[in-house]
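Every position in the sequence shown, counted from 1, becomes a number in my numbering once 3 is added.
Every residue, glycine too, gets a C-beta built ideally from N, C-alpha and C.
Quick caveat: nothing in here was measured; it's all calculated off a predicted structure.
Below is one structure, written out as structure tokens; comments come after it.
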Amino acid sequence: MIEATTVTGNPERIAALREGNRVGKLHHHAFMARDMEETRHFYEDILGLPLVGTWVERVNPVTGEPDNYVHTFFELNDGSCLAFFQFKSEKASQETSVNKFEDINPFAHHIALTVEGKDMVRNFKEKLADAGVSAFETDHGYCYSIYFHDPNGLQVELTTLVPATDRLMSEAADSAHETLATWLKEEDMATNNTARGDGWVRD
Numbered sequence: 004m005i006e007a008t009t010v011t012g013n014p015e016r017i018a019a020l021r022e023g024n025r026v027g028k029l030h031h032h033a034f035m036a037r038d039m040e041e042t043r044h045f046y047e048d049i050l051g052l053p054l055v056g057t058w059v060e061r062v063n064p065v066t067g068e069p070d071n072y073v074h075t076f077f078e079l080n081d082g083s084c085l086a087f088f089q090f091k092s093e094k095a096s097q098e099t100s101v102n103k104f105e106d107i108n109p110f111a112h113h114i115a116l117t118v119e120g121k122d123m124v125r126n127f128k129e130k131l132a133d134a135g136v137s138a139f140e141t142d143h144g145y146c147y148s149i150y151f152h153d154p155n156g157l158q159v160e161l162t163t164l165v166p167a168t169d170r171l172m173s174e175a176a177d178s179a180h181e182t183l184a185t186w187l188k189e190e191d192m193a194t195n196n197t198a199r200g201d202g203w204v205r206d
């Protein structure tokens, strides 16, 4: 469990913003798969996300033409999913892939998933290492993460909240618009993330 901390800033304002938000939780995040069985093994057997749906599609909704692809769903513990597509045609899968199945830089595209506590983050790092997958730790200050690539080149982040998360995010929410406006105007604005620790820790 995350330790309780004193929340500064304006929690009532944040609660009101959330109450007025009509967009719900993530339904799914979709990505192309090079090899669906390899993808299934990675997400289900290594990360523990159960395969809860496999849909075979024979018409491409983009082109309206006959086609042959599969759409899979791997469920997270809140009921949302990571989803993947693979065409029967290897050429079609390769051409549709935004990254051509090469490893993606986290600044270009990554998906972050939550786990409970740093011990769980490190347990997954060890499990990935046992499977031959390199993972790197990063202390963001407001959360703590590992990053690694799936078999399709997607950068995946497993992250946990830390005792200071609520306080730091509440304070950031109060100044978010002002901070953005200042950064857009200034060429050399100082960092406001003074809680950040080391990045890309290998061991």
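Bridge partner(s) assigned by DSSP for residue i
i      : result
Trp58  : His74
Ala193 : According to DSSP, Ala193 bridges with nothing at all.
Met35  : Phe88
Three-state secondary structure assigned by DSSP to residue i
i      : result
Phe139 : strand
His180 : helix
Ala30  : Checking the sequence, you will find His at residue 30 rather than Ala. Coil, per DSSP.
Ala7   : For Ala7, the pLDDT reaches just 38, beneath the cut-off of 50, and the residue's location in the model is therefore unreliable, leaving the point undetermined.
CB contact check: residue i to chain C, cutoff 8 Å
i      : result
Glu181 : Within the model displayed, chain C is absent; a lone protein chain is all it includes.
Integer Cβ distance of residue i from residue j, believed to fall under 8 Å
i      : j      : result
Met35  : Phe87  : 7 Å
His113 : Glu160 : 6 Å
Ala167 : Tyr145 : 7 Å
His71  : Phe90  : Position check: residue 71 holds Asn in this sequence, whereas His was assumed. The Cβ separation is near 7 Å, so the contact holds.
Leu29  : Leu52  : Their Cβ separation, rounded to whole angstroms, is 14 Å, which puts Leu29 and Leu52 out of contact at 8 Å.
Asp153 : Phe76  : At roughly 15 Å, the Cβ-Cβ gap does not stay under 8 Å, so Asp153 and Phe76 are not in contact.
Ile107 : Gly27  : Contact doesn't hold; Cβ gap of about 27 Å is too wide.
Trp58  : His74  : 4 Å
Ser92  : Arg37  : Contact flag wrong, Cβ pair sits at about 12 Å.
Thr162 : Glu119 : At roughly 11 Å, the Cβ-Cβ gap does not stay under 8 Å, so Thr162 and Glu119 are not in contact.
Glu60  : Leu54  : Going by Cβ atoms, the distance from Glu60 to Leu54 rounds to 17 Å, so no, they are not a contact pair.
Lys130 : Ile49  : 6 Å
Practice prompt. Output the residue ranges of the beta strand (DSSP E) runs that lie fully inside the segment 57-131 and measure 3 residues or longer, sorted by chain position.
Written response: Restricted to the segment 57-131, the beta strand (DSSP E) segments that are unbroken, complete and at least 3 residues in length are 69-78, 84-90 and 113-117, listed in chain order.
Worksheet entry | Ordered list of beta strand (DSSP E) runs contained in the segment 143-176, each at least 3 residues | Runs of the beta strand (DSSP E) inside the segment 143-176: 146-152 and 158-164.
Discussion item. For the segment 185-204 against the segment 133-143, do three or more pairs of beta-carbon atoms, one drawn from each stretch, fall closer than 8 Å, so that the two count as touching?
Written reply: By the Cβ rule, the segment 185-204 counts as touching the segment 133-143, because three or more pairs are nearer than 8 Å.
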